[in-house]
Amino acid sequence: MRLWSNAWAGVVPFLRFDAEIRRVVCTTDAIESVNARIRKAVRARGHFPNEAAALKCVCMAVMSLDPTGAGRKRWTMRWKPALQAFDGRLSIGRR
């Protein structure tokens, strides 16, 4: 209970956002999917002779997640309401 009391000042502003924005910000499905694919690739390979081989395996697993780019379009559509809510304070493609 004390944890909630201490964090309440940060929780209340978040609850003022629309449900769509909260869903995009809070979703962990994409992160869990990436972690599962990396674990699967590492488990299938077994032991690695060095760190470079392990990093290459992880890199290849991540690169194979969305080879067509369809996921990028889907996430762009989901983030549009959030970008509109912040009215120019966030920009697409900012580096």
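Quick note: our numbering has the sequence shown finishing at residue 104, numbered continuously throughout. Every residue gets a Cβ at the ideal spot worked out from N, C-alpha and C, and that includes glycine.
Contacting residues, own chain, Cβ-Cβ under 8 Å from residue i (five flanking each side not counted)
| i | result |
| --- | --- |
| I47 | V67, A70 and V71 |
| A63 | V51 and F57 |
| L74 | S42, V43, R46 and G80 |
| K82 | none |
Host alpha helix (DSSP H) of residue i (start-end)
| i | result |
| --- | --- |
| L64 | E60 to M72 |
| R48 | D38 to R54 |
Local conformation of residue i per DSSP, three classes
| i | result |
| --- | --- |
| P23 | The displayed chain sequence assigns Phe, not Pro, to residue 23. F23 falls in the helix class under three-state DSSP. |
| R104 | Confidence at R104 is low in this model, with a pLDDT of 48, below 50, so its placement is unreliable and the value that follows should be read with caution. R104 falls in the coil class under three-state DSSP. |
| P90 | helix |
| L12 | helix |
Contacting residues, own chain, Cβ-Cβ under 7 Å from residue i (five flanking each side not counted)
| i | result |
| --- | --- |
| V20 | none |
| E29 | P90 |
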